[in-house]
Amino acid sequence: MKKKLLVLCTIMGMMVLAACGKEEVDDGSNVEVLPLLVDLTVTEKAEVGETIKMEALVTFGDEKVEDADSVVYEIWEDGKKDDSVMLESVNEKNGIYSAETTFEHDGVYTIQVHVDAKQLHSMPFKEVIIGHGTHATEEHGDDHGDDHAEHEHGHTEGFVLHFMKPENAVTTLDTKLVTHLQVDGQPLEHAAVRYEVSSEVLGDKHEWIDAEEAEAGEYTAVGLFDKAGSYTVKVHVQNDEGLHEHEEYTFDVN
Numbered sequence: 078m079k080k081k082l083l084v085l086c087t088i089m090g091m092m093v094l095a096a097c098g099k100e101e102v103d104d105g106s107n108v109e110v111l112p113l114l115v116d117l118t119v120t121e122k123a124e125v126g127e128t129i130k131m132e133a134l135v136t137f138g139d140e141k142v143e144d145a146d147s148v149v150y151e152i153w154e155d156g157k158k159d160d161s162v163m164l165e166s167v168n169e170k171n172g173i174y175s176a177e178t179t180f181e182h183d184g185v186y187t188i189q190v191h192v193d194a195k196q197l198h199s200m201p202f203k204e205v206i207i208g209h210g211t212h213a214t215e216e217h218g219d220d221h222g223d224d225h226a227e228h229e230h231g232h233t234e235g236f237v238l239h240f241m242k243p244e245n246a247v248t249t250l251d252t253k254l255v256t257h258l259q260v261d262g263q264p265l266e267h268a269a270v271r272y273e274v275s276s277e278v279l280g281d282k283h284e285w286i287d288a289e290e291a292e293a294g295e296y297t298a299v300g301l302f303d304k305a306g307s308y309t310v311k312v313h314v315q316n317d318e319g320l321h322e323h324e325e326y327t328f329d330v331n
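Here the sequence shown stands for residues 78 to 331, numbered as in the numbering used here.
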C-alpha cells in the first residue's frame, strides 16, 4: 500500500513539474507594437481664394481611430514656418478628421497634420501650390530671402521637425520645450537635440539646453527664463548617420 501511495505521489509530482515547465512567462517581449498611421489627403494645386478641404485618415493597426486625443492642422508659406497657422479639425467619424482653409495670395504652402492618439504622435505633411506658386513680392525681390534661407537650408529628404512653441511662458515658472522629429513618416530616435536660446534681454549671451528623448521621436527640455521679453530658440539636431539640421523659432516670455 505504501509503495502504491509513493508511486502515485511521484506521478502527481511529475505532472505538476511538467505543467510548470510548460507555463510561459509573459515578460512583455512578445507584445506587438502597432503603428499609428495617418493618411493625409490634400489637393496639390488650387487657386487664390479657393476653399481647400484637408482630410486625415487615422488608423491603429486595422482599427479606424475615432477618439484621437488631438488632431490639428498647421499651415505655413514656404520659408515662413515661424508664422504658421494652427487649425483645429472636425471629427467626421470612421477615423477621418478634416478642416478647411483658403489662401490669400500665390505661393507654395506646407500643410502638416499633428495627430496624438493611442499615446503615439504622427505628423505627415504635403505641399500645396497656390496660383502661380510664387508670391508677387518675391518675384520683385522683396526682402524675404534671409528668412527663407533660415528655414530651407537643405533638409535631409523626408526629415520633419516640429517645435511646439511654449504658450503663456512666464518668468516665475519652468518652461517646457518640446520637439517632435520624423524621417519618412517615422519617429527619429536616438538623436542629439540641443536648444540654443538667445534674446535681446540676454545681450550677447547664448544659453544651451540639452534635450532628452522622452518618447520615440519626442525630445523635451526645461528652461527657466529670468527676464521677460522675446526669445529665439534654434533647435539643433544631429545623429550618428550624419544628419545635421536646425530650425529657428521665436516666442514671448511674460
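Glycine included, every Cβ here is placed at the ideal spot set by N, Cα and C.
Model, not experiment: these values are computed from the prediction.
Sixteen is the threshold: since fewer than 16 other Cβ atoms of the shown chains lie within 10 Å of the Cβ of Met163, the residue is exposed. Counting every other CB atom within 10 Å of its CB across the protein chains shown gives Gly126 a total below 16, marking it as exposed.
Secondary structure of Lys158 (DSSP, three-state): helix. Put simply, the region 308 to 326 touches the region 255 to 269. At least three CB pairs are less than 8 Å apart. Here the region 296 to 306 lies against the region 264 to 276, with 3 or more beta-carbon pairs under 8 Å apart. Counting only residues of its own chain and dropping the five nearest sequence neighbours on each side, Ala176 has a CB closer than 6 Å to the CB of Met131, Tyr150, Leu164 and Ser166. Counting the other CB atoms within 10 Å of its CB gives Ala291 a total below 16, which places it among the exposed residues.
Contact check for Asp329 and Ser307: beta-carbon distance about 5 Å, within the 8 Å limit, so the pair qualifies. As summarised for the region 276 to 322, there are no continuous alpha helix (DSSP H) elements at least 4 residues long confined to that stretch. Going by DSSP, Gln196 is part of no beta strand (DSSP E) at all; its letter is neither H nor E.
Cβ atoms of Thr252 and Thr179 stay farther apart than 8 Å, at about 34 Å. Around the beta carbon of Gly294, 16 or more other beta carbons sit within 10 angstroms, so the residue counts as buried. Per DSSP, the continuous beta strand (DSSP E) segment holding His239 begins and ends at Phe236 to Met241.
Under the three-state reduction of DSSP, Leu164 is assigned to strand.
With 16 or more neighbouring CB atoms inside 10 Å of its own CB, Gln189 falls in the buried class.
Of Tyr186, Asp155, Gln196 and Leu117, the smallest CA-CA separation from Ser147 is found for Gln196. The straight-line gap separating the alpha-carbon atoms of Asn168 and Leu279 is approximately 44 Å. For Leu114 and Gly138, the gap between their C-alpha atoms comes out near 8 Å. His209 carries a coil assignment under DSSP once its states are collapsed to helix, strand and coil. Just so you know, the alpha carbons of Ser199 and Lys242 end up roughly 17 Å apart.
With a contact defined as Cβ atoms closer than 8 Å, Val185 and Glu121 miss out at about 11 Å.
Approximately 12 Å separates the beta-carbon atoms of Thr118 and Gly172; this is outside 8 Å, ruling out the contact. C-alpha of His267 to C-alpha of Pro112: approximately 18 Å in a straight line. For Asp116, the enclosing beta strand (DSSP E) has its first and last residue at Leu113 to Thr118.
Taking C-beta atoms as the reference points, Ile207 and Asp183 count as a pair closer than 7 Å.
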